[in-house]
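Asker: All letters in the sequence shown, in the order written, are residues 3 to 318 by my numbering. We put the beta carbon where it would ideally sit given N, CA and C, even for glycine. Being a predicted model, the structure only gives us computed values, none of them experimental. Below is a structure I'd like to ask you about.
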Amino acid sequence: MDPSPRVHIPVLAEELVDLISPAPGDTVIDCTFGGGGHARLVAERIGPQGTLIAIDRDPVARERFEQFRQETHCRTRFMATEFSEALKSLQSEGMRADALYMDLGMSSLQVDAPERGFSYSHEAPLDMRMDPRQELTAGEILNTWPESRLVQILRSLGEERYAGGVAREIIRRRPLETTSDLVDAIKSGMPTAARFGSGHPARRTFQALRIAVNGELEAIDAALPIAWDTLRVGGRLAAISFHSLEDRRVKRFFAGLAVGCTCPPDLPVCVCGHDPEAELLTRRSITADEQEIEANPRSRSARLRGALKLAERPAD
Ligand SMILES: C[S@@+](CC[C@H](N)C(=O)[O-])C[C@H]1O[C@@H](n2cnc3c(N)ncnc32)[C@H](O)[C@@H]1O
3 MDPSPRVHIP VLAEELVDLI SPAPGDTVID CTFGGGGHAR LVAERIGPQG
53 TLIAIDRDPV ARERFEQFRQ ETHCRTRFMA TEFSEALKSL QSEGMRADAL
103 YMDLGMSSLQ VDAPERGFSY SHEAPLDMRM DPRQELTAGE ILNTWPESRL
153 VQILRSLGEE RYAGGVAREI IRRRPLETTS DLVDAIKSGM PTAARFGSGH
203 PARRTFQALR IAVNGELEAI DAALPIAWDT LRVGGRLAAI SFHSLEDRRV
253 KRFFAGLAVG CTCPPDLPVC VCGHDPEAEL LTRRSITADE QEIEANPRSR
303 SARLRGALKL AERPAD
């Protein structure tokens, strides 16, 4: 037996469940099953007549799902694929969900598995794939992409101030084999003082690479409209994001759905006939309180947003 089974503590768990308010018999889609922490709470609420569809592209999540299936009483199944693909196939089955949620980013099961290369604290191959069937790895990006493209991802996905220096050092040290090779390149690519600033100097570069390897932002953009279409009218969609690049997408998507009349303000009566498709359930995002942050520091950057579906989208 694994002497220290890895655990993922679900973030904003009660808040998420309250926001989507699952009722007995409901159909709920968990787009990011991970260790199943949120799913367990949802399963308790929907009971034996309810259905929980679990999606995750990581095979470790599937292992955790087998355990969940044995412990839970609701109807359930697992879809081992990218969430927008899974949602498309659920739609083609005619699935209509009462609630759907995404807990974005990576799980502790991934970060704490040293061999997967997500963590700058462990020596490991440069992998970072959530789905090991995928071809692109962090090593491939680091060892084959041109300098200008490396600079661009470090800047845009990691907000790395020293993107130019770090990318130059990566190119100079090619081929990089392990996470330690990368950490060394990052440190040499920044001024000495910056290596000792707040947080680990490799944090931003590792974030950028992980997002690029897994196409995380493209996945969110692709999934949100399909997720919305999969909800029944009266259903609720919620997302927990961990950095501003994710949160901005969720916020904009919900804001777009909540737009009502688009007539110029000086018109005495509405002529556009545009009704909002969504009611925002969170005007401002919900964040973790001090107690949760202390118990689970990963919750510090979490932001939860939700919307209630008021109407179907008008056909294009
Ligand atoms: C933060 S964890 C979810 C944790 C989970 N809510 C829990 O309570 O244990 C995010 C999970 O989403 C998965 N994931 C991220 N992006 C995905 C995508 N585009 N398609 C499918 N799964 C994805 C990751 O593999 C990871 O297991």
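Extract the residue ranges of the beta strand (DSSP E) inside the segment 222 to 251, only unbroken runs of 3 or more that lie entirely within it.
Answerer: You should have 233 to 243.
Asker: Using only the alpha-carbon positions, how far apart do F255 and Y103 sit?
Answerer: Approximately 14 Å between the Cα atoms of the pair.
Asker: Is it buried or exposed for R307, if we count other Cβ within 10 angstroms and need 16 for buried?
Answerer: Classification for R307: buried.
Asker: Give a yes or no on contact between the segment 34 to 44 and the segment 98 to 115, applying the rule of three or more CB pairs nearer than 8 Å.
Answerer: Yes: at least three Cβ pairs fall under 8 Å.
Asker: Taking 7 Å as the line, does the beta carbon of H276 fall inside it for any heavy atom of ligand 1?
Answerer: H276: no, Cβ never under 7 Å from ligand 1.
Asker: In three-state DSSP terms, what is V44?
Answerer: DSSP places V44 in helix when its eight states are reduced to three.
Asker: Apart from the five residues on each side of it in sequence, which residues of its chain come closer than 7 Å, Cβ to Cβ, to F120?
Answerer: Cβ neighbours of F120 beyond the five flanking positions: M108, Q112, V113, M130, R212.
Asker: Classify R135 as helix, strand or coil using the three-state DSSP reduction.
Answerer: If DSSP states are grouped into helix, strand and coil, R135 belongs with coil.
Asker: Counting only the same chain and skipping the five closest in sequence on each side, list residues whose C-beta sits under 7 Å from that of L54.
Answerer: Excluding residues within five positions, the ones whose Cβ falls inside 7 Å are V30, D32, A41, V44, A45, I48, C76, T78.
Asker: Assuming L226 and A99 form a contact by the criterion Cβ under 8 Å, report the distance between their Cβ atoms to the nearest whole angstrom.
Answerer: Contact doesn't hold; Cβ gap of about 14 Å is too wide.
Asker: Compare the Cα-Cα distances from L21 to each of S303, A240, M97 and report the closest residue.
Answerer: Out of S303, A240, M97, A240 has the C-alpha closest to the C-alpha of L21.
Asker: If L219 sits next to R251, beta carbons under 8 Å apart, how far is it from one beta carbon to the other, in whole angstroms?
Answerer: With 8 Å as the limit, L219 and R251 qualify as a contact, their Cβ atoms being about 7 Å apart.
Asker: Please indicate yes or no: does the CB of I57 lie closer than 7 Å to some heavy atom of ligand 1?
Answerer: Flag set: Cβ of I57 near ligand 1.
Asker: Quick check on P5: does DSSP put it in helix, strand or coil?
Answerer: Confidence in P5 is poor, its pLDDT being 42 and thus under 50, which makes the residue's placement too unreliable to answer from.
Asker: Exposed or buried, P5, counting other C-beta atoms within 10 Å across all chains shown (16 or more means buried)?
Answerer: Note that P5 scores 42 on pLDDT, short of 50, meaning its location in the model is unreliable and no value can be drawn from it.
Asker: Residues in its own chain within less than 7 Å of L152 by CB, not counting five upstream and five downstream?
Answerer: Around L152: A169, I172.
Asker: Taking DSSP as the reference, what is the three-state secondary structure of P203?
Answerer: Residue state, collapsed to three classes: coil.
Asker: Is it buried or exposed for L269, if we count other Cβ within 10 angstroms and need 16 for buried?
Answerer: Exposed, since its Cβ has fewer than 16 Cβ neighbours within 10 Å.
Asker: Assign S91 to one of two classes, buried (16 or more other C-beta atoms within 10 Å of its C-beta) or exposed (fewer than that).
Answerer: So S91 counts as exposed.
Asker: Shorter than 7 Å, the distance from the beta carbon of S109 to the closest heavy atom of ligand 1, or not?
Answerer: Yes, since a heavy atom of ligand 1 falls inside the 7 Å radius drawn around the Cβ of S109.
Asker: Does ligand 1 have a heavy atom nearer than 7 Å to the CB of G321?
Answerer: The first residue shown for the chain is 3 and the last is 318, placing residue 321 beyond what the model contains.
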